Amino acid sequence: MVQLGSRLLKSYRGGHVVIRFALGGCANRPFFRIVAAHNRRARDGKYLEQLGCLDPLPNAHGERVAGLNLERLRHWLGCGAQLSRPAEKLLGLAGFLPLHPMTVTGAERLRRRRRAQEAAADGSPGPGDAP
4 MVQLGSRLLK SYRGGHVVIR FALGGCANRP FFRIVAAHNR RARDGKYLEQ LGCLDPLPNA
64 HGERVAGLNL ERLRHWLGCG AQLSRPAEKL LGLAGFLPLH PMTVTGAERL RRRRRAQEAA
124 ADGSPGPGDA P
């Protein structure tokens, strides 16, 4: 079964394999499968293998749940599969890869926005305001 992935990669012409999200679920209740698929396939179309799942809506504890098969992820990355940007961000947050730069940038922007809102709520001048 291990050689099946490399055979599929070699026999497929006109594209490459991508690890990405496939949307599932129903209205107002999204659910994503993390899949290895050919890049020219439809987002929710056929895929080679399901590598995990993601429930983006917070549960009762405020957590977003993701399940990943790290062994199969390593296999597909070793076969030359590429990561989509959302999948790369998720794997960075999971600790499988280094953090994606946009994740760090987004966190810094959110931190600045919250500080500005707190400063506006307190009525104290911000760092850029002159008395």
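If you use this note's numbering, the sequence shown corresponds to residues 4 to 134, in order.
Using N, Cα and C, we set each Cβ at its ideal position, and we do this for glycine too.
What you are looking at is a predicted structure, and each value in this text was computed from that prediction instead of being measured.
Run of the alpha helix (DSSP H) containing residue i, from where it starts to where it stops
i    : result
R77  : L73 to G81
P104 : P104 to D125
Spatial neighbours of residue i in its chain, beta-carbon cut-off 7 Å, leaving aside the 5 residues before and after
i    : result
D47  : A25 and L26
A39  : V20, I22, Y50, L51, E52, L54, W79 and A84
D58  : F34, R67 and V68
N72  : L54 and G55
L93  : L57 and A69
T106 : K92, G95 and L96
Proximity winner among the options, relative to residue i (alpha-carbon distances)
i   : options                 : result
P33 : V68, H64 and E52        : V68
A45 : R114, L73, A123 and G18 : G18
H41 : C82, G28, A30 and L96   : C82
N31 : I37, P61 and R43        : P61
Closer than 7 Å: residue i CB and nearest the ligand PLP heavy atom
i    : result
R117 : Here there are no bound small molecules, and the ligand PLP is not part of this structure.
Those residues which DSSP pairs with residue i across a bridge
i   : result
D58 : V68
A97 : Bridge partners of A97: none, in fact.
E52 : A39
Cutoff 6 Å; reference residue i; Cβ partners in own chain excluding five residues on either side
i   : result
R23 : S87 and A90
L76 : L54
M4  : With a pLDDT of 46 at M4, under the threshold of 50, the modelled position of that residue is not reliable, and the figure given next carries that caveat. Within the same chain, M4 has no close Cβ partners at all.
Limits of the unbroken beta strand (DSSP E) element including residue i
i   : result
R32 : R32 to H41
R23 : V20 to C29
Own chain, CB closer than 8 Å to residue i, minus 5 neighbours either side, in chain order
i    : result
P101 : G95
H103 : R88, E91, K92 and G95
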